[in-house]
Structure formats: structure tokens, C-alpha cells
Amino acid sequence: MLVISRKKGESLLIGYDIEITVEKIDTSSVKISIKAPKEKVILRKEVYEKVKNENSNAIVTSECLLNILK
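In this note's numbering, the protein residues as written are -3 to 66.
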């Protein structure tokens, strides 16, 4: 894992095609902008994890219901 300090207006590059810029720094949050090709998927991790867990729960529930129906 890389830990890096950036000030407002400074950027970092991931590869040659993704740029992350610090836009605003508040007491409890940081706003960033991400420039990336449209084919790159950018997700907030907490939303991704919630959807992944809900999908896993739905599969288990569906399997249980199918076993009951057999």
C-alpha cells in the first residue's frame, strides 16, 4: 500500500491514464476528482461491499427457497 500526502490542487497519477486531484480539504473529509477513461469502473468501496453482500444473501436465500420447493 502506498500512503502519500497531497495538498489542495495537487494530483497523483495511477498508470498513465488515471489522475486523482485533491479539490477540497475539510475537517472531516477530502473531496477528490478522478479523471479516467470511460471504460474504467470507479466505485465507492462501501457501496460495492454492500451490494456484494446483498447479492450473496440473495443467492443463499434463493438456494434455500429452491430446496424447500423441491
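The beta-carbon is built from N, C-alpha and C at its ideal position, and this holds for glycine as well.
This structure is a prediction, so every number in the text was calculated from the model and none was measured.
Close beta carbons around residue i, own chain, < 6 Å, minus the five adjacent residues each side
i: K20; result: K27
i: R2; result: V18
Three-state class that DSSP yields for residue i in the structure shown
i: I38; result: coil
i: V47; result: helix
Residues near residue i by beta carbon distance below 7 Å, same chain, minus five either side
i: I38; result: I30 and A32
i: I13; result: Here residue 13 is Asp; the residue named in the question, Ile, does not match the sequence. If we look at D13 and ignore the five residues flanking it on each side, its Cβ neighbours are A32 and P33.
Beta-carbon proximity list for residue i, same chain, < 8 Å, skipping 5 on both sides
i: I0; result: L8
i: E6; result: T17 and V18
Heavy atom of the ligand GTP within 6 Å of residue i beta-carbon
i: K4; result: Judged by which ligands are present, the structure shown has none, so any question about the ligand GTP falls away.
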